[in-house]
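Let me begin by presenting the structure, written as structure tokens, before commenting on it.
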Amino acid sequence: MKKSASGNEEADILRHLASINRDACDFYLQAAGRIQDAYLERTFKNLEVIHEKVAGDLLEKIGSRDSGRVVDGTVSGKLDQFFTGLFASVSSDMDKTFVVNLEEAETRCLHDMQDAVARKRLSADMKGFLD
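Here the sequence shown is numbered in the working numbering, starting from 6 and rising by one per residue.
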């Protein structure tokens, strides 16, 4: 049986998940500002709000025991965002390029959340919160 994570380790896991969700926020905002389709623009803005709430909820959950570092996304998330913007600017279908890359980023975010619940040594309370 796995031993649950220490408070600091658990906070680091939740902070990482918040960072990934901040990446999603930035990515959706960038895409919403550059695409042509009004429906996609609204959808991306709505998804940005969802990810912002998730990130905020995660940080709030650890806030009571950790006044730790500010979360500003991940390096890989920033690189994904940069290269998608670059590829979209030279693509014949900018909207499609953003959609494909955002779907891939969303899948990675979901898998990281699922991994945290399934494999990381989190308390039952935290697993329930993430599940």
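Where a beta carbon is used, it is the ideal one built from N, C-alpha and C, also for glycine.
Asked                                                                                                         : Found
Are the segment 14-24 and the segment 38-47 in contact at 8 Å, needing three or more beta carbon pairs?       : no
Are the CB atoms of Ala16 and Ile67 nearer to each other than 9 Å?                                            : yes
By DSSP, does Ile67 sit in helix, in strand, or in coil?                                                      : helix
Let me check understanding here. Comparing Cα to Cα, which of Ala29, Glu46 and Leu63 lies closest to Ala37?   : Glu46
Measure the C-alpha to C-alpha separation of Leu63 and Leu115 and round it to an integer number of angstroms. : 14 Å
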